[in-house]
Amino acid sequence: MTFLKICIIVLVLLVDFYCSVPAISSLASSPECVVLLHGLARTSASMDMIENRLAREDYSVINIDYPSRYKKIEELSEIAINKGLQFCRDQSAERIHFVTHSLGGILVRYYLSVHEIPELARVVMLAPPNQGSRVVDKFSIYPGYSLLNGPAGFQLGTGEDSIPLQLGPANFEVGIIAGDRTINYLLSTAYDEPNDGKVAVSETRLEGMADFIIVPHSHPFIMESEEVVEQVLLFLRYGFFK
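In the numbering used here, the protein residues as written are 20 to 261.
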C-alpha cells in the first residue's frame, strides 16, 4: 500500500470520527428553566404573555398557580417555589431563573432567607413591594381588605409585621422593573411620589440589586407590556436591562 493511500485512509477515519462525536458544548449543555410567580390575588394567567415568549426562546418554563389569598407568605413560599424547583430539576436544568410579579418577588426573597437553591441563576422582579407598601398601611383597616387579599396581604405593609422589611439585602442576582403609572387613583392617595397604584417606585428598590429600571406602566398590567417582556429576556440572558 502506497504512502498516499495510507494518508487518505487515515484522513477518512479522522473525519468520520470527529463527525460522529458531538461538540463538547453540546454534551455539556442543559436547559435553562424559568419559574414564573404571579402577584397577590392574581392567577398564573396574568403571566401568560411572559410564559409564551420565554417558551419561544427555548426556555423550559413553569407558570405557577398558587393560592395567594389563602395563606401566609411563609407557607406560600414553600408551596409555590418547591413546585417550580421540582419541575426544573425534572428537566435536568442546571440554571434556574425566576420572573415574579409583586408578591411573587417576596416569596423568592423569603424562600432564599431559609433555603439555598444551588442552581439559582437570575431573578427579575416586576413591581415588588421590597420595602413594603404604604397602600397596605392605609387601606388594610377597611372592611373587605381581608376578603380580597387574605393573610399575605397584611404582611406586605411597612410596620412591625412587614415580611419584606425583615428579609435584608439581596444576595442573589436580581433586576427590578418598577412602574410609575396608575389606574387606581384611590389607592394612589397613599403616596405623594411616583407609584403604580399599589407600590411606590421607591418601595420596589432593594439593596444589592444588579439593575433597576422604571417603565410607564401600572401595577396590574406591567407584565403584559411588550417592552417589559423584552427587558425580562435581556436580563435573563445578560444580567442587565437596556
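Note that the Cβ used here is the ideal one computed from N, Cα and C, for glycine as well. Keep in mind the model is a prediction, meaning the values are calculated, not measured.
Would you mind working out which of the options sits nearest residue i, comparing C-alpha positions?
i: Q185; options: F191, D77 and T177; result: T177
i: Y78; options: G187, T208, Y85 and V53; result: V53
i: G194; options: A64, E113 and T119; result: T119
i: K102; options: N82, K91 and R128; result: N82
i: V220; options: G198, V155 and V143; result: G198
i: F254; options: N149, E113 and M144; result: M144
i: L225; options: P162, A140, G124 and P213; result: G124
i: E245; options: Q105, L166 and I69; result: I69
i: F191; options: P213, D156, G227 and T201; result: G227
i: I92; options: F117, Y129 and R75; result: Y129
i: V127; options: D215, A189 and D84; result: A189
i: R61; options: A74, Y204 and L167; result: L167
i: A99; options: R256, S63 and D109; result: S63
i: K157; options: Q110, L205 and F117; result: L205
Quick one: is residue i buried, meaning 16 or more other Cβ sit within 10 Å of its Cβ, or exposed?
i: L46; result: Low local confidence applies: a pLDDT of 28 at L46 is under 50, so the model's placement there is unreliable, with the coordinate-based value given in what follows. Answer is exposed; the Cβ neighbour count stays below 16.
i: Q174; result: buried
i: P41; result: Here the model assigns P41 a pLDDT of 31, short of 50, so the residue's position is not dependable and the matter cannot be decided.
i: P86; result: exposed
i: T208; result: exposed
i: A152; result: Residue identity differs from the one stated: residue 152 is Ser in this sequence, not Ala. The residue in question, S152, is buried, as its Cβ has 16 or more Cβ neighbours within 10 Å.
i: F22; result: Note that F22 scores a pLDDT of 44, beneath 50, so its modelled location is shaky and nothing firm can be said.
i: V133; result: exposed
i: L122; result: buried
i: P148; result: buried
i: V251; result: buried
i: N71; result: exposed
i: F259; result: exposed
i: P183; result: buried
i: K261; result: exposed
i: S165; result: exposed
i: T223; result: buried
i: V141; result: Note on residue identity: the sequence assigns Arg, not Val, to residue 141. With 16 or more Cβ atoms within 10 Å of its Cβ, R141 is classed as buried.
i: I196; result: buried
Would you mind giving the Cβ-Cβ distance between residue i and residue j, rounded to the nearest angstrom? I have them listed as a contact below 8 Å.
i: M66; j: L55; result: 4 Å
i: A171; j: H238; result: At roughly 16 Å, the Cβ-Cβ gap does not stay under 8 Å, so A171 and H238 are not in contact.
i: I241; j: V234; result: 7 Å
i: A112; j: P50; result: 5 Å
i: R114; j: G169; result: The Cβ separation is near 33 Å, so there is no contact.
Would residue i pass as an interface residue toward chain D - the criterion being a Cβ-Cβ separation below 8 Å?
i: L166; result: Reference to chain D is not applicable here, since this structure consists of a single protein chain.
Item to check | Within the segment 198 to 236, ranges of the alpha helix (DSSP H) (whole runs, at least 4 residues) | outcome: Fully enclosed alpha helix (DSSP H) runs of 4 or longer: 220 to 223.
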